[in-house]
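The working numbering puts the first residue of the sequence shown at 1, with every later residue one more than the last. Backbone N, C-alpha and C fix where the C-beta goes; we use that ideal spot for every residue, glycine too. Predicted model only: the values in this text are computed from it and were never measured.
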Amino acid sequence: MNTANKNHLNILDLPNEILLIICNKLNMVNVLYSLVDVNERFDQLIFDHLYIRHLNMTIMTIRSVFDRIYSIDDQVLSRICEQILPRIHHQVNQLTVEPHSMDHLFTVNYSQLYSLSLVDFQEKILLQYLTGNSILCNLLSEQITHLYIDIEVKTDIPPLSKTLSKIFVLILSLCKRLIYLNFCSSCRYRLMARHWPSSHAKGLN
């Protein structure tokens, strides 16, 4: 390769394997917003099942060890949910969601979804979704086998708040297919599975 050709190299000259490695290193929200519909090659790479099967719709800003913010720009969220999500929702196996994007993301059915992560939720907000969002409730009841819940907890001293206890009980009653639950991992509560039927879950954290 001569010097002139080297000077004109761009990202499209890279093989697909390298492009996928780069995409996997980037935040998925940014990849979807910036690269979908740029050209046919990018679409084929991004919409590949091996990449899109875990849809992580969070952008985390870390201010300190104990101060983190999950937030997506409204324009970015709108484009992804209106133009991209209808094309990929049937391929998603794992979904990670923060509060701001909940209403936008749970407007479609995820027929292949088995793992759900709900991050950075306030207790009362999460309880409202668990009792008022029919798509979410149906997923929890009929499909979800792996559930990860991260709740903003103001104190790490037991006992559980009444709202948090309600959420936990509601999850146990809703999730008929659950085999793994990671509940409120950011706090120090140790939740025991002694009264949980073994057919409900194999792992509990």
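In the DSSP assignment, residue 146 falls within the unbroken beta strand (DSSP E) covering 146-151. Contact check for residue 140 and residue 175: beta-carbon distance about 5 Å, within the 8 Å limit, so the pair qualifies. DSSP, reduced to helix, strand and coil, places residue 27 outside both helices and strands of the structure shown, so it counts as coil.
Burial is judged here by how many other beta carbons sit within 10 angstroms of a residue's own beta carbon; residue 117 has at least 16 and is buried. In the DSSP annotation of this structure, the continuous segment of the alpha helix (DSSP H) that includes residue 141 starts and ends at 134-142. Taking 9 Å as the cut-off, the beta carbon of residue 115 is found closer than this to the beta carbon of residue 95. Within 10 angstroms of the beta-carbon of residue 119 lie 16 or more other beta-carbons, which makes it buried. Secondary structure note for residue 169: it is in no beta strand (DSSP E), and the uninterrupted alpha helix (DSSP H) holding it is 162-174. A straight line joining the alpha-carbon of residue 80 with that of residue 19 spans about 21 Å. Here residue 91 really is in contact with residue 53; their C-beta atoms are around 6 Å apart, less than 8 Å. Counting along the chain, no alpha helix (DSSP H) covers residue 97; the unbroken beta strand (DSSP E) around it starts and ends at 94-97. Exposure of residue 12 is indicated by the presence of fewer than 16 other C-beta atoms within 10 angstroms of its C-beta.
Between the C-alpha atoms of residue 93 and residue 86 there is a straight-line separation of about 15 Å. Apart from sequence neighbours up to five positions away, the residues of its chain that approach residue 144 with a beta-carbon distance below 8 Å are 113, 114, 115, 116, 175, 177, 178, ordered along the chain. With a threshold of 16 other beta carbon atoms within 10 Å, residue 31 meets it and is buried.
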